[in-house]
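This report refers to the structure that appears directly beneath it.
Chains as they are written, first to last, in the numbering used here: chain A, 20 to 245; chain B, 2 to 491.
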């Protein structure tokens, strides 16, 4: 397992590198944002530990660049700023997990294991519907290249619609496929989530077929692209 | 009026809503030394009432004078006729002209004339008198006689008392005929004229009082309307304090513009100070936390007594840093004014993020909020409150977390309910958790649940934090926070 550690503090880097090596990872170290970006861009890492307070280019910008360039490597961000606003902006930039400094090394190792395991899911084909793309392996979706931030129910809804695109799906069918046995099976809920999903991917991509259900379809000018 | 003078009134006066009490309150309010309205009205009333009194007196005096002049014209004419047409016949007898005014013939009619002769020794004897006088005599004071002598043929006026005790106005003309000295007198009862003058004075006074009252009302309205920008300013400042707006928005007249501009500059400055303070605090956090992480990491990798002490102390330091940073942040926040944060995007972001963090567990966060609900406070604080509560719920739940925001129009607040389907908390421990929050100053930094952060924040916003059992099985945390509904949907 290859890991990139982007951290500017030399003492902390040394400590972490030692602990990570002991845990069986191969560790590359980047002391600033520029080098971190270059390494992350060129080397096939299984996971990246990214400090947000890096010199030259800050962590959030590095992360945003990777995600814009289509890198899906799981990223765990380290931040001294424990406020939720900082965590949220890290996630908006495309982080997969966060750890607030100072932290216990064991905690870091546990989070890392989870991230690597998660990323090593079965390869599944990318789902595409016009400008909407959904990567089931990384559980990521995007519209026209812009990453989408979806809650798990919204993601499930989009996933199901993408798998059955251009077909009318009834509300009952959606309820049955989206919820566990014990969830509120209130069909009004579907409308709430459908509303939010439309807000995020664009209203006109999901068509309401009166009395029958919903249909996901590419936009008119996107059909020719396929 | 927007000042708080009502509070100084006795409760009795307030509860009795009679007109008298209202007037009394208004009066007290206007006579307060520190009321600008009262001051302006007092000043205006003083000179206005003063000038009205002067006007009243002048008008009455003028009317009196004019009436008297007209009145005197009549008696003077009679006296002049008397003087002009009286003759002495060859026997030395005084012959008076005939008068057509019948009043001079009716006894005690109120119109009299008299011709008195003054002999060489100065003794006065009546040579002739109108029939109306009958046997009475109009006296001539010595001083008046002197004056009349000094102005021969011109006549003087004086007051006297008539045969029936009526007040008389008398015209006296002194003249000599054939070497004999005479005083020609004409007198008329002046009571009707005096009555007219009194009536005029009364009517004038009444009219002026009505004018004064009306003008006082007009002055009051004028002052209130004129000072409205000041009251607007007070209202706006109250709104800023209440957090519903950030700056002064209305345009003000030239006289207050400098105040408004300065106030806005001051508000901007305070905003900037808050931002700067927060930035410093953040920098301090970053500066301290990385060394702490180093300490913890190096101590953690070794066994022994010293690393153990280091680990424990580093842990304590971290908790202390967190605690004091939060306090500094809270202090910075209490100065920030008028922020408003739409709730929906915050909940969406947090739900997306925490579901990803707890992906292995398969946590599903179901969030519900009205589209236009807005938290009356800073985004960072709502993120902190909801983030911590959601993180707790995600840790303790089996799979389901529910966060529901509802608007309560009665007290302009929102109820933020965070529920999970986990094991929940014993009711006995609710108090324990809350108590820990209640003793803020002594509270041990970093309670295991992160609830003390939330409790501090919620309290800072004047809200409440309560615990209960959730319908989906686990703990339900209910945070009540200030809110309104017109937040622009982001």
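The C-beta atom is built at its ideal place from N, Cα and C for all residues, glycine as well.
_Below 7 Å on C-beta distance, what does residue 365 of chain B contact in chain A?_
In the second chain, residue 365 of chain B corresponds to position 364, counting from 1. Neighbours of residue 365 of chain B on chain A, chain order: 171 and 172.
*Per-residue DSSP class, three states only, for residue 110 of chain A*: Looking up residue 110 of chain A in the first chain gives position 91. The answer is helix: DSSP assigns residue 110 of chain A an H, G or I state.
*Could you please give me the residues that DSSP links to residue 409 of chain B through a beta bridge?*
Locating residue 409 of chain B in the second chain gives position 408, counting from the first residue. According to DSSP, which records beta bridges pairwise, residue 409 of chain B is partnered with B:414.
*Identify the contact partners of residue 34 of chain A in chain B, using a Cβ-Cβ distance below 7 Å as the criterion.*
For the purposes of this step, residue 34 of chain A is identified with residue 15 of the first chain, where counting begins at 1. Ordered by position in chain B, the residues that pass the 7 Å Cβ test against residue 34 of chain A are 295, 298, 299 and 302.
_Min CB distance residue 44 of chain B to chain A below 9 Å_ = Taking the first residue of the second chain as position 1, residue 44 of chain B is located at position 43. Output row for residue 44 of chain B: interface = no.
*Would you tell me roughly how many angstroms separate the C-alpha atoms of residue 391 of chain B and residue 411 of chain B, rounded to the nearest one?*
As a working mapping, residue 391 of chain B is identified with position 390 in the second chain. As a working mapping, residue 411 of chain B is identified with position 410 in the second chain. Approximately 27 Å between the Cα atoms of the pair.
_Using CA atoms only, rank isn't needed, just tell me which of B:139, B:467, B:340 and B:382 is closest to residue 416 of chain B._
Within the second chain, the letter at position 415 stands for residue 416 of chain B. That would be B:467, whose Cα lies nearest to the Cα of residue 416 of chain B.
*asked:* Just verifying my parser: in three-state terms, what is the DSSP assignment at residue 152 of chain B?
replied: Numbered from its first residue, the second chain carries residue 152 of chain B at position 151. Three-state result, residue 152 of chain B: coil.
_Status (buried if at least 16 other CB within 10 Å, exposed otherwise) for residue 132 of chain B_ = Looking up residue 132 of chain B in the second chain gives position 131. Residue 132 of chain B should be labelled exposed.
*Give a yes or no on whether 9 Å exceeds the smallest Cβ distance from residue 63 of chain A to chain B.*
Taking the first chain and counting its residues from 1, the one referred to as residue 63 of chain A is at position 44. Chain B, which has no Cβ nearer than 9 Å to the Cβ of residue 63 of chain A, makes this no.
_With the cut-off set at 9 Å, would you say residue 236 of chain A and residue 184 of chain A are in Cβ contact?_
Numbered from 1 along the first chain, position 217 holds the residue referred to as residue 236 of chain A. Numbered from 1 along the first chain, position 165 holds the residue referred to as residue 184 of chain A. Yes; because the gap between Cβ atoms is below 9 Å, this pair is in contact.
*Please name the residue, chosen from A:57, A:238, A:27 and A:40, that lies closest to residue 147 of chain A on a Cα-to-Cα basis.*
Along the first chain, read from residue 1 onward, the residue named residue 147 of chain A stands at position 128. Of the listed residues, the one whose Cα sits closest to residue 147 of chain A is A:238.
*Measure the beta-carbon distance from residue 114 of chain A to residue 82 of chain A and round it to whole angstroms, keeping in mind my assumption that it falls under 8 Å.*
The residue you call residue 114 of chain A lines up with position 95 of the first chain. The residue you call residue 82 of chain A lines up with position 63 of the first chain. About 6 Å; that satisfies the 8 Å criterion.
*asked:* Let's see if you can read the secondary structure: which residues bound the beta strand (DSSP E) around residue 100 of chain A?
replied: Working through the first chain from its first residue, we reach residue 100 of chain A at position 81. Looking at the DSSP string, residue 100 of chain A is not in any beta strand (DSSP E), and its letter there is neither H nor E.
*Residue-chain proximity (residue 311 of chain B, chain A), Cβ-Cβ < 9 Å*: The count along the second chain starts at 1 and reaches residue 311 of chain B at position 310. No, residue 311 of chain B does not count as interfacial toward chain A.
*Measure the CB-CB distance between residue 176 of chain A and residue 216 of chain A and report whether it falls below 9 Å.*
In the first chain, counting from the first residue as 1, residue 176 of chain A sits at position 157. In the first chain, counting from the first residue as 1, residue 216 of chain A sits at position 197. The answer is yes: Cβ separation under 9 Å.
*Members of the region 272-285 of chain B that neighbour chain A once the beta carbon cut-off is set at 8 Å*: 283
_Does the CB of residue 112 of chain A have a neighbour CB from chain B at under 9 Å?_
In the first chain, residue 112 of chain A corresponds to position 93, counting from 1. By this cut-off, residue 112 of chain A is not an interface position.
*asked:* Output needed in chain order: residues of the region 349-360 of chain B with a Cβ under 8 Å from some Cβ in chain A.
replied: 349, 350, 351, 352, 353, 354, 356, 357, 358 and 360
*Which residues in the same chain have their Cβ closer than 7 Å to the Cβ of residue 76 of chain A, if we skip the five residues on either side of it in sequence?*
Here residue 76 of chain A corresponds to residue number 57 of the first chain, with the count starting at 1. Here the set comprises 52, 53 and 56.
*asked:* For residue 221 of chain B, which residues in the same chain have their Cβ closer than 7 Å to its Cβ, ignoring the five residues on either side in sequence?
replied: As a first step, residue 221 of chain B must be located in the second chain, where it is residue number 220. Contacts found: 42.
*Is residue 83 of chain A close to chain B, meaning its C-beta is less than 9 Å from at least one C-beta of that chain?*
The residue labelled residue 83 of chain A in the question sits at position 64 within the first chain. No, residue 83 of chain A lies away from the interface with chain B (no Cβ there is under 9 Å from its Cβ).
*Give the straight-line distance between the Cα atoms of residue 320 of chain B and residue 62 of chain A, rounded to the nearest whole angstrom.*
For the purposes of this step, residue 320 of chain B is taken as the residue at position 319 of the second chain. For the purposes of this step, residue 62 of chain A is taken as the residue at position 43 of the first chain. Each residue's Cα considered, the two are about 38 Å apart.
_Beta-ladder partner(s) of residue 161 of chain A, from DSSP_ = Residue 161 of chain A sits at position 142 when you count from the first residue of the first chain. Per DSSP, A:152 and A:166.
*In chain A, which residues lie with their C-beta within 8 Å of the C-beta of residue 381 of chain B?*
For the purposes of this step, residue 381 of chain B is identified with residue 380 of the second chain, where counting begins at 1. Those are 102, 103 and 104, listed as they occur along chain A.
_Distance between beta carbons of residue 400 of chain B and residue 422 of chain B, contact taken as under 8 Å_ = Here residue 422 of chain B is taken as the residue at index 421 of the second chain, counted from 1. Here residue 400 of chain B is taken as the residue at index 399 of the second chain, counted from 1. Indeed they touch by this definition, with Cβ atoms about 7 Å apart.
*Name the two residues that bound the continuous beta strand (DSSP E) containing residue 176 of chain B.*
As a working mapping, residue 176 of chain B is identified with position 175 in the second chain. Residue 176 of chain B -> beta strand (DSSP E) spans 168-178.
*Going by beta carbon distance, what residues of the same chain come within less than 7 Å of residue 64 of chain A, once the five residues before and after it are set aside?*
Here residue 64 of chain A is taken as the residue at index 45 of the first chain, counted from 1. Once the five neighbours on either side are set aside, the close Cβ partners of residue 64 of chain A are 21, 22, 23 and 92.
_For residue 475 of chain B, the nearest candidate out of B:483, B:393, B:454 and B:310 (CA to CA)_ = Here residue 475 of chain B is taken as the residue at index 474 of the second chain, counted from 1. Measuring from the Cα of residue 475 of chain B, the nearest candidate turns out to be B:393.
*residue 402 of chain B vs residue 386 of chain B beta-carbon contact at 9 Å*: Position 401 of the second chain, counted from the start, is the residue given in the question as residue 402 of chain B. Position 385 of the second chain, counted from the start, is the residue given in the question as residue 386 of chain B. No, the pair does not count as a contact, with Cβ atoms beyond the cut-off.
*Work out the CA separation of residue 63 of chain B and residue 198 of chain B for me, nearest whole Å.*
Locating residue 198 of chain B in the second chain gives position 197, counting from the first residue. Locating residue 63 of chain B in the second chain gives position 62, counting from the first residue. Taking the straight line from one Cα to the other gives about 10 Å.
*Could you name the residues of the same chain whose beta carbon sits closer than 6 Å to that of residue 395 of chain B, not counting the 5 residues immediately before and after it, in chain order?*
For the purposes of this step, residue 395 of chain B is identified with residue 394 of the second chain, where counting begins at 1. So the list reads 355, 359, 364 and 402, once near-sequence residues are dropped.
_Contact set for residue 398 of chain B: own chain, Cβ-Cβ below 7 Å, skip 5 residues either direction_ = Indexing the second chain from 1 puts residue 398 of chain B at position 397. The answer, listed in chain order, is 364, 421, 422, 423 and 475.
*With residue 469 of chain B as the anchor, note down where its beta strand (DSSP E) starts and where it stops.*
Walking along the second chain from the start, residue 469 of chain B turns up at place 468. It spans 465-470 - the beta strand (DSSP E) in which residue 469 of chain B sits, taken as one unbroken run.
*Measure the alpha-carbon distance for residue 367 of chain B versus residue 425 of chain B and round it to whole angstroms.*
Within the second chain, residue 367 of chain B is the residue found at index 366, counting from 1. Within the second chain, residue 425 of chain B is the residue found at index 424, counting from 1. Roughly 18 Å between the two C-alpha positions.
*Confirm, please, whether the CB-CB distance from residue 128 of chain A to residue 42 of chain A is below 9 Å.*
Indexing the first chain from 1 puts residue 42 of chain A at position 23. Indexing the first chain from 1 puts residue 128 of chain A at position 109. Yes, Cβ-Cβ distance for residue 42 of chain A and residue 128 of chain A is below 9 Å.
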